[in-house]
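For reference, the structure discussed in these notes is given below.
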Amino acid sequence: MSQTQDLAVLLSDSDLFRSQGYINGQWVSASDGATFPLTNPATGAKLADMPHMPRTQVAEAIDAAKAALPSWSALTAYQRSAYLLKLHALMEQHVNDLGTILCVENGKPLAEAKGEIAYGASFMQWNAAEGLRTYGQTIPSPYPGTRNIVIKQPIGVCGLITPWNFPNAMITRKMAPALAAGCTVVIKAPAETPLSALAMAVLCERIGIPAGVVNVVVMDKGEKEAAAGLELCENPKVSKISFTGSTSVGRLLMKQSSSTLKKLSFELGGNAAFIIFDDADLETAVKGVIASKFRAAGQTCVCANRIFVHSKIYNEFASLLAEKVKELKVGNGMDEGVLIGPLVNVRGVEKVERHVQDAVSKGAKILVGGSRIKSENAEGESCFFQPTVLVDVPKECYVASEETFGPLAPLFKFDDEDDVVNRANSSEVGLAGYFFTKDLARSNRVAERLEVGMVGVNTGVIAQACIPFGGVKQSGFGREGGPGGINEFQIEKLITIGGI
Ligand code: SIN
């Protein structure tokens, strides 16, 4: 490790920077003393030695969450809502520090990182209100003197397994509805970005959320992480797993959870088609591609992966896009004006390289970018990749079938609506899809035909707390946010009363 970075000096409230886990209201190191180094992907500098917790500590966190459940779930929805509103206010108050922590551990540019904190806070606000409206039902009975009443109750202890690409918002998107519903949680923070999760635990502690209601466990990738997942899935005290991550890990967690038949909600990989019809407004479509493809340096599950452009406008669109992509400044996310940060690690860069090389070997041409940017990190390897546009991309190549998770925009050509919709749907996953057109009939037709959970029409931005976020096919199931998001953390209980 060549250098260390003192993150605390960048913060006005340095207490938000914690390098211990949070279990039962206590800040704790790994019980076996193990640690792992956390590094800044922009510089390779070490940020902290993080606890590398064993499975037994995950079990302790689950015990704490189970013990805290009766009193947390007994609060009124109004009391829990008040906690969420306080968290929302604190997140807004500390947006600079929370954004800085997020930027240095994830690489996302500071302005974008602060935007993620605002997005993360919006889940607190949304669920503070949703928690007040978890209405039950009364259902007329065919039997005389009988009443059917349906009430909503918290499902219990929830295991929240969250990804590094949205170190704050993917936690709040799960934690806020869980807490609002009356559940307690064990958050398995991602190994790449645990500091943002721990900063949220500091805020929970500050507003007096009781010990055990929110727990954060931390460990590096590898055996201990696999053991943590297994504990969350197999421990009978956990009633629900909410996971955002890859489809392959989702399959594994589902298998592991079958032993205790947990309720699951999974937001898994995507391979979004982004279709630009020949009647689209090209400037709007270019803006849409930039917003969707290059957000978080292309490391989002909903970002445009396969960009289909009608052959009549293909060349014009490609050059308009290329001009804009050339303007995207790449660098350390803490530097002024940077719009594209590093990828989270070298493995991410290697995948983008593999996708570019494969497409080029099959006939694609590089219009912009195409290579890694030299910048030494601790291992002498760079996590930066040039924002890239490929044209004449053939139908059969890795980028057509795999999520790139990097700043690579491949442009495929099409001629026919039916054909492009079939190509868009020829994926085993179906999270988001986008298209640009001015034709109202086509808007409705194509939106209904795309096999995805979310569609953007004439926009590349869909994420909001108020929408049902989630996919179909092997992109998972369950919805986060929106009017139904809180239901994922509740059970419906029927009470039938006779003899009335
Ligand atoms: C994701 O990529 O998993 C989440 C993106 C979003 O919330 O917009």
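One gets this note's numbering by counting positions in the sequence shown from 1 and adding 65 to each. No residue lacks a Cβ here, since even glycine has one placed at the ideal position from N, Cα and C. These numbers come from a predicted model, not from an experiment.
Next item on the list: Quick one: give me the first and last residue of the beta strand (DSSP E) that methionine 519 is part of.
Entry: The count along the sequence shown starts at 1 and reaches residue 519 at position 454. Where methionine 519 is concerned, the enclosing beta strand (DSSP E) stretches over 519 to 522.
Notebook entry, point to check: Since arginine 371 is in the beta strand (DSSP E), which residue starts that stretch and which ends it?
Noted result: Taking the sequence shown and counting its residues from 1, one reaches residue 371 at position 306. Its beta strand (DSSP E) spans residues 369 to 375.
Next item on the list: In the DSSP assignment, find the alpha helix (DSSP H) that holds cysteine 298 and state where it starts and stops.
Entry: The residue you call residue 298 lines up with position 233 of the sequence shown. Residues 288 to 299.
Check: Rounded to whole angstroms, how far is the Cβ of serine 426 from the Cβ of arginine 437, which I believe are closer than 8 angstroms?
Finding: For the purposes of this step, residue 426 is taken as residue 361 along the sequence shown, with counting starting at 1. For the purposes of this step, residue 437 is taken as residue 372 along the sequence shown, with counting starting at 1. With a Cβ gap of about 17 angstroms, serine 426 and arginine 437 do not count as contacting.
Notebook entry, point to check: If you draw a straight line from the C-alpha of leucine 263 to the C-alpha of serine 84, how long is it?
Noted result: On the sequence shown, residue 263 is found 198 positions in, with the first residue counted as 1. On the sequence shown, residue 84 is found 19 positions in, with the first residue counted as 1. The alpha-carbon atoms of leucine 263 and serine 84 are separated by roughly 8 angstroms.
Notebook entry, point to check: If you draw a straight line from the C-alpha of phenylalanine 477 to the C-alpha of valine 414, how long is it?
Noted result: As a first step, residue 477 is located in the sequence shown; it is residue number 412 there, counting from the start. As a first step, residue 414 is located in the sequence shown; it is residue number 349 there, counting from the start. Their Cα atoms are separated by approximately 22 angstroms.
Margin query: Does tryptophan 92 come out as helix, strand or coil in the three-state DSSP assignment?
Written below: By one-based count along the sequence shown, residue 92 stands at place 27. Residue state, collapsed to three classes: strand.
Notebook entry, point to check: serine 307 to glycine 521, Cα distance in whole Å?
Noted result: Your numbering for residue 307 matches position 242 in the sequence shown. Your numbering for residue 521 matches position 456 in the sequence shown. Straight-line Cα distance between these residues: approximately 25 angstroms.
Next item on the list: Thinking lysine 239 and valine 282 are a contact (beta carbons under 8 angstroms), I'd like their distance in whole angstroms, please.
Entry: One-based indexing of the sequence shown puts residue 239 at position 174. One-based indexing of the sequence shown puts residue 282 at position 217. In fact, because the Cβ distance is near 15 angstroms, the residues do not count as touching under 8 angstroms.
Note to self: Between glutamate 553 and the ligand SIN, is there a pair consisting of the residue's CB and a ligand heavy atom that are separated by less than 7 angstroms?
What the structure shows: Here the question's residue 553 lines up with position 488 in the sequence shown. No, Cβ of glutamate 553 sits at least 7 angstroms from all heavy atoms of the ligand SIN.
Note to self: For glutamine 218, tell me which candidate among Gly201, Glu468, Gly428 and Leu225 has the shortest Cα-Cα distance.
What the structure shows: Position 153 of the sequence shown, counted from the start, is the residue given in the question as residue 218. Taking only the C-alpha atoms, the option nearest glutamine 218 is Gly201.
Notebook entry, point to check: What are the boundary residues of the alpha helix (DSSP H) that includes phenylalanine 188?
Noted result: As a position in the sequence shown, residue 188 is number 123, starting the count at 1. Its alpha helix (DSSP H) spans residues 175 to 195.
Item checked: Range of the contiguous beta strand (DSSP E) that encloses glutamate 332 -> The residue given as residue 332 occupies position 267 in the sequence shown. Residues 328 to 332.
Next item on the list: Let me know the secondary structure DSSP gives methionine 66 once reduced to three states.
Entry: To locate residue 66, count along the sequence shown from 1; it is residue 1. Caution is warranted here: a pLDDT of 48 is assigned to methionine 66, below 50, making its placement in the model unreliable, and no coordinate value can be reported.
Notebook entry, point to check: Just curious, the beta strand (DSSP E) that glutamine 529 is in, first and last residue?
Noted result: What you label residue 529 is simply residue 464 of the sequence shown in a count that begins at 1. Per DSSP, glutamine 529 belongs to no beta strand (DSSP E) and is neither H nor E.
Check: Just the Cα atoms here: how many angstroms apart are methionine 66 and lysine 111?
Finding: Counting from one through the sequence shown, the residue named residue 66 turns up at place 1. Counting from one through the sequence shown, the residue named residue 111 turns up at place 46. Confidence is the limiting factor: at methionine 66 the pLDDT is only 48, short of 50, which leaves the residue's position unreliable and the question unanswerable from this model.
Notebook entry, point to check: alanine 256: which of Met519, Asp71, Gly564 and Met118 sits nearest, CA to CA?
Noted result: Start at 1 with the first residue of the sequence shown, and residue 256 comes out as number 191. Nearest option by C-alpha distance: Met118.
Next item on the list: Evaluate the contact criterion for the segment 499 to 518 versus the segment 347 to 357: three or more CB pairs, one atom per stretch, below 8 angstroms.
Entry: yes
Next item on the list: Give the single residue among Asn280, Met265, Leu326 and Phe382 whose Cα lies nearest to the Cα of valine 456.
Entry: Within the sequence shown, residue 456 is the residue found at index 391, counting from 1. Closest option to valine 456, Cα to Cα, is Phe382.
Item checked: Three-state class that DSSP yields for alanine 337 in the structure shown -> Indexing the sequence shown from 1 puts residue 337 at position 272. Three-state result, alanine 337: strand.
Next item on the list: Using three-state DSSP, classify aspartate 457 as helix, strand or coil.
Entry: Against the sequence shown, residue 457 aligns to sequence position 392. Of the three classes helix, strand and coil, the one that applies to aspartate 457 here is coil, per DSSP.
Next item on the list: Using a Cβ cut-off of 8 angstroms (strictly closer), state whether alanine 338 contacts chain B.
Entry: Absence of chain B from the displayed structure is noted, only one protein chain being present.
Checklist line | N- and C-terminal bounds of the alpha helix (DSSP H) containing glutamine 422 | finding: By one-based count along the sequence shown, residue 422 stands at place 357. Residues 411 to 426.
Check: Which residue's Cα is closest to the Cα of aspartate 114: Gly86, Glu493, Cys366 and Arg507?
Finding: What you label residue 114 is simply residue 49 of the sequence shown in a count that begins at 1. Ranking the options by Cα distance to aspartate 114, first place goes to Gly86.
Check: Whose C-alpha, out of Gly210, Asp78, Pro135 and Tyr143, is nearest the C-alpha of isoleucine 562?
Finding: The residue given as residue 562 occupies position 497 in the sequence shown. Isoleucine 562 has its Cα closest to that of Gly210, out of Gly210, Asp78, Pro135 and Tyr143.
Item checked: Span of the alpha helix (DSSP H), counted from its first residue to its last, around isoleucine 166 -> The residue given as residue 166 occupies position 101 in the sequence shown. First-last of the alpha helix (DSSP H) with isoleucine 166: 160 to 171.
Next item on the list: Identify the continuous alpha helix (DSSP H) that holds isoleucine 355 and give its terminal residues.
Entry: Sequence index remark: in the sequence shown, residue 355 carries index 290 (1-based). Run containing isoleucine 355: 347 to 358, per the alpha helix (DSSP H) assignment.
Item checked: First through last residue of the beta strand (DSSP E) which encompasses lysine 430 -> Against the sequence shown, residue 430 aligns to sequence position 365. Per DSSP, lysine 430 belongs to the beta strand (DSSP E) from 430 to 433.
Checklist line | alanine 107 - containing alpha helix (DSSP H), residue span | finding: For the purposes of this step, residue 107 is identified with residue 42 of the sequence shown, where counting begins at 1. Unbroken run through alanine 107: none, as it is neither H nor E.
Next item on the list: Mind checking which residues open and close the beta strand (DSSP E) that includes glycine 224?
Entry: Taking the sequence shown and counting its residues from 1, one reaches residue 224 at position 159. Where glycine 224 is concerned, the enclosing beta strand (DSSP E) stretches over 222 to 226.
Margin query: Suppose you measure from the CA of alanine 186 to the CA of serine 323; what does that come to, to the nearest Å?
Written below: Taking the first residue of the sequence shown as position 1, residue 186 is located at position 121. Taking the first residue of the sequence shown as position 1, residue 323 is located at position 258. Rounded to whole angstroms, alanine 186 to serine 323 spans 33 angstroms at the Cα level.
Next item on the list: Output the boundary residues of the beta strand (DSSP E) element that contains leucine 476.
Entry: Position 411 of the sequence shown, counted from the start, is the residue given in the question as residue 476. Unbroken beta strand (DSSP E) run through leucine 476: 473 to 479.
Margin query: Here's the rule: buried if 16 or more other CB atoms are within 10 angstroms of the residue's CB, otherwise exposed. What is glycine 224?
Written below: To locate residue 224, count along the sequence shown from 1; it is residue 159. Glycine 224 is buried by the Cβ-count criterion.
Next item on the list: In the DSSP assignment, find the unbroken beta strand (DSSP E) run with cysteine 281 in it and report its ends.
Entry: On the sequence shown, position 216 is the one that residue 281 refers to. Looking at the sequence provided, one finds valine at residue 281 rather than cysteine. Its beta strand (DSSP E) spans residues 279 to 282.
Margin query: Taking the straight line between their C-alpha atoms, what separation do you get for leucine 134 and glutamate 125?
Written below: As a working note, residue 134 is residue 69 in the sequence shown. As a working note, residue 125 is residue 60 in the sequence shown. About 14 angstroms.
Notebook entry, point to check: Taking the alpha-carbon positions, what's the glycine 335 to tyrosine 208 distance?
Noted result: As a working mapping, residue 335 is identified with position 270 in the sequence shown. As a working mapping, residue 208 is identified with position 143 in the sequence shown. Rounded to the nearest angstrom, the two C-alpha atoms are 48 angstroms apart.
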